[in-house]
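Structure first, then comments.
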Amino acid sequence: MVRARSLERPIVVVAGPTACGKSALALRLAQELQGEIFNLDSVQIYRGLDIGSAKLAPGERAGIAHHLLDIADPSQEFNVFEYCRAAEAALQATAAQPVFAGGSTMYLTSLLHGIAELPARDPELRASLEGQSSEELQQLLRAKDPEAAARLHLNDRVRVIRALETVLLSGLKLSELHQQHGYREIKRAALIIVPFWERALLYQRIEQRSAKMVESGLIEETKDLISQFGPSAPALRSLGYHQALKFLQGQIALTQLVPEIALFTRRYAKRQTTFWRNEPGKRGWQISAVNAPEKLSPEQLLQRIHAALAQGVTQTMVWLVDPHALFLDT
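First residue of the sequence shown: 8, per the working numbering; consecutive thereafter.
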């Protein structure tokens with residue numbers, strides 16, 4: 008059991024795979040706990056990326072203050088260091104109960120445990136790597152860090168280059184650096200609630216969300232972003248926007264757009280689900296399916312959250328909850 012050495016006020020987190028109902032649950036919890044919502048999504052931090060990130064419009068936020076939304080330009084490379092710095096500042100600026108909502112497990116892990124120290128950047132090495140094609144970079148990464156190469160997409164040049172910089176400058180693979188860090192010492196404790204859907208139902212929700220994004224104007228939003236920041240803007244590598252960009256560049260047909268968004272979103276959701284099945288124990292988080300064997304009602308879930316917070320959250324706990332505990336039509 009790993010406990011925080013210097014315990015700050017605990018945070019409530021609504022995490023889990025994309026399209027699992029995090030936003031609706033976080034809103035209800037913030038209302039119930041008299042809290043404020045802190046974004047934990049790596050795309051919603053960008054200004055102008057609204058439809059493709061499923062960002063709640065101001066009128067949909069039920070009067071609840073939202074933090075860490077729209078804090079970066081789409082042309083900006085925004086990393087976990089910058090996120091944690093912004094999150095710490097936002098936490099210090101409010102006395103309300105923090106309710107974090109989003110799917111970035113890297114943001115969450117770093118917020119709770121601190122960040123693995125990466126080697127300082129070398130401008131000459133960076134220039135050399137940036138001068139190579141994506142295929143050349145991927146081939147080099149396969150030779151130097153096969154695990155990272157298998158995890159990172161060919162077109163994710165920023166992360167591929169950073170992985171190469173890490174191994175070339177430190178002699179250690181990314182996985183080895185993270186293993187050294189361990190993510191075992193806790194900066195703060197958290198109660199993490201993860202809605203867990205059956206795969207078929209989650210994939211159905213992903214299909215519906217993908218279609219809704221396109222119907223709601225994803226193509227037009229992507230056009231606007233291209234006109235302002237160009238097609239190479241880092242934010243346009245995000246799910247949905249990358250596929251819309253491919254359509255606008257004539258690489259895929261309109262009939263392929265929704266299926267391709269859904270395909271890559273399902274793959275992303277699978278990785279997120281795998282994290283919640285395999286990783287909490289490695290980080291010393293206490294994990295339990297609070298609804299087993301019965302299914303909790305929304306009111307029962309709220310009662311358990313109130314009880315946990317009243318008792319005091321002194322270690323990170325993960326509750327895997329059935330969708331019936333959500334404030335949704337399931």
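Glycine is no exception: its CB is placed at the ideal position from the N, C-alpha and C atoms.
Nothing here was measured: the structure is a model prediction, and the numbers come from that model.
Query                                                                                                          : Result
Rounded Cβ spacing between Leu136 and Ile168 (contact assumed at less than 8 Å)                                : 5 Å
Nearest candidate by alpha-carbon position, reference Leu36, set Leu118, Pro105, Leu179                        : Pro105
7 Å Cβ cutoff met for Ala103 and Leu184                                                                        : no
Where Pro130 falls: helix, strand or coil (DSSP)                                                               : helix
Sequence ranges, beta strand (DSSP E) only - wholly within the region 142-220, length at least 3               : 197-202
Pick from Gly42, Glu89, Ile52 that is closest to Ala72, judged by C-alpha positions                            : Gly42
Start-end ranges of the alpha helix (DSSP H) lying completely within the region 243-324, minimum 4 residues    : 248-255, 261-285, 305-318
Sequence-distant residues of its chain with Cβ nearer than 7 Å to Gln145 (five each side left out)             : Ala156, Leu161, Val167
Check whether Ala276 and Thr25 have beta carbons under 7 Å apart                                               : yes
For Leu34, the three-state DSSP class (helix, strand or coil)                                                  : helix
Backbone CA spacing between Pro238 and Leu252 [nearest angstrom]                                               : 7 Å
Below-7 Å beta-carbon distance, Ala123 vs any chain D residue                                                  : Checking the listed chains, one finds no chain D in this structure; it contains a single protein chain.
Glu227 (DSSP reduced to helix, strand or coil)                                                                 : helix
Gly66 (DSSP reduced to helix, strand or coil)                                                                  : helix
Among Lys180, Arg311, Ile233, Val174, the one whose alpha carbon lies nearest that of Asp129                   : Val174
Pro24 (DSSP reduced to helix, strand or coil)                                                                  : coil
Range covered by the beta strand (DSSP E) that runs through Ala108                                             : 104-108
Proximal residues to Ala218 (C-beta, below 6 Å), its chain only, five neighbours per side dropped              : Val265
Assigned exposure category for Asn285 - 16 Cβ within 10 Å defines buried                                       : exposed
DSSP state of Phe45 mapped onto helix, strand, coil                                                            : strand
Option nearest Ile193 by Cα separation, candidates Ser223, Ala269, Lys289, Phe254                              : Lys289
Environment of Lys302 [buried if 16+ CB atoms lie within 10 Å]                                                 : exposed
Sequence-distant residues of the same chain with beta carbon closer than 7 Å to Leu119, five excluded per side : Ile193, Lys194, Arg195, Ala197, Thr323
For Ile19, the residue or residues it bridges with in DSSP                                                     : Note on residue identity: the sequence assigns Val, not Ile, to residue 19. DSSP output for Val19 lists Val106, Leu198 as bridge partner(s).
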